[in-house]
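Going left to right, the sequence shown walks through residues 71 to 278 as the numbering used here numbers them. Think of the CB as a built atom: it goes at the ideal place given N, C-alpha and C, for glycine as much as any other residue. This report refers to the structure that appears directly beneath it.
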Amino acid sequence: MIYLDSFTLNTDGRAVYPYKVVASLGLRQIEFATITILYGGIGCDKSTLLNIIADKIGVKNKSTETGMVEKPDDMSSSERYFLSRCADARAAFFADSISDMFESNGEVALRRMQIMIMLDNLISLDEPKVSLSPVCQRQLADMIELFASQLRTEFVIATHSPFFLSLKEARIYDLDSRPLSIRQRYELPNMHAFFNLFESNRDLFVKK
71 MIYLDSFTLN TDGRAVYPYK VVASLGLRQI EFATITILYG GIGCDKSTLL
121 NIIADKIGVK NKSTETGMVE KPDDMSSSER YFLSRCADAR AAFFADSISD
171 MFESNGEVAL RRMQIMIMLD NLISLDEPKV SLSPVCQRQL ADMIELFASQ
221 LRTEFVIATH SPFFLSLKEA RIYDLDSRPL SIRQRYELPN MHAFFNLFES
271 NRDLFVKK
């Protein structure tokens, strides 16, 4: 489900923060999908853009890690039943791994994000890969995919992690390009780096 379908950037040319950041992107309007990714390297202003969007639409938690839009409590009993069933599905999805997620900072961070991601909502995530091992990133990516495809949740994510770039149906805005443009995951340098790492060690992973 799409809660935020587009966002128009103010490009009036003022040379002050954050207007100068927005103007440098060279794009006036961002169109969102169920999963929208703001991609780019360090210093590309993806977090700045995410925070501008989050602040404007009234994200409840204004930290730079995660946030969500608070939704009015106007659900019918049938909707509550649907969300209850979804919560059961969510619990089952993580039943095998939730018991051992307290051993490291990364695992605690993963569990915190799993708890914060709610059904029927708009969620913003800024660099969710921080503190997460590749295995934990994959688990969080699987959860995002589940919630986006089946549980009426929209995500806007600032990241350059290949695990999140590989999310199906994600719309990826490349902030390393000017003007800002939509790119396919296979066009991105970070995805190529991951692929090349595998290719250079293919004999270790693929049995002949």
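With a CB to CB cut of under 7 Å and the five nearest residues on each side skipped, what residues in its chain are close to residue i?
| i | result |
| --- | --- |
| tyrosine 89 | Asn80, Asp82 |
| threonine 118 | Pro88, Val91 |
How close, in whole Å, do the beta carbons of residue i and residue j come, if the pair is a contact with beta carbons under 8 Å?
| i | j | result |
| --- | --- | --- |
| leucine 120 | tyrosine 243 | Not a contact, Cβ separation roughly 11 Å. |
| valine 91 | aspartate 125 | Actually they are not in contact, since the Cβ atoms of valine 91 and aspartate 125 sit about 13 Å apart, beyond 8 Å. |
| valine 226 | threonine 106 | 5 Å |
Taking Cβ positions, are residue i and residue j nearer each other than 8 Å?
| i | j | result |
| --- | --- | --- |
| glutamate 197 | alanine 228 | yes |
| serine 231 | glutamine 207 | yes |
| leucine 250 | glycine 111 | no |
| glutamate 215 | leucine 235 | no |
| isoleucine 185 | phenylalanine 217 | no |
| leucine 74 | leucine 267 | no |
Give the DSSP-derived three-state secondary structure of residue i in the structure shown.
| i | result |
| --- | --- |
| threonine 78 | strand |
| arginine 248 | coil |
| glutamine 254 | coil |
| alanine 228 | strand |
| glutamate 197 | coil |
| isoleucine 100 | strand |
| arginine 222 | coil |
Within the same chain, show all residues whose beta-carbon is closer than 8 Å to that of residue i, passing over the 5 residues directly before and after it, in chain order.
| i | result |
| --- | --- |
| leucine 202 | Gly176, Ala179, Leu180, Leu210 |
| methionine 71 | Thr104, Asp190, Arg222, Thr223, Glu224 |
| arginine 253 | Tyr109, Ile242, Tyr243, Asp244, Ser247 |
Near residue i, what residues of its chain come up, given a Cβ to Cβ distance below 6 Å and the 5 sequence neighbours on each side ignored?
| i | result |
| --- | --- |
| phenylalanine 77 | Ile100, Ile123 |
| phenylalanine 264 | Pro232 |
Cβ pair count under 8 Å reaching 3, the segment 173-185 against the segment 89-103: no
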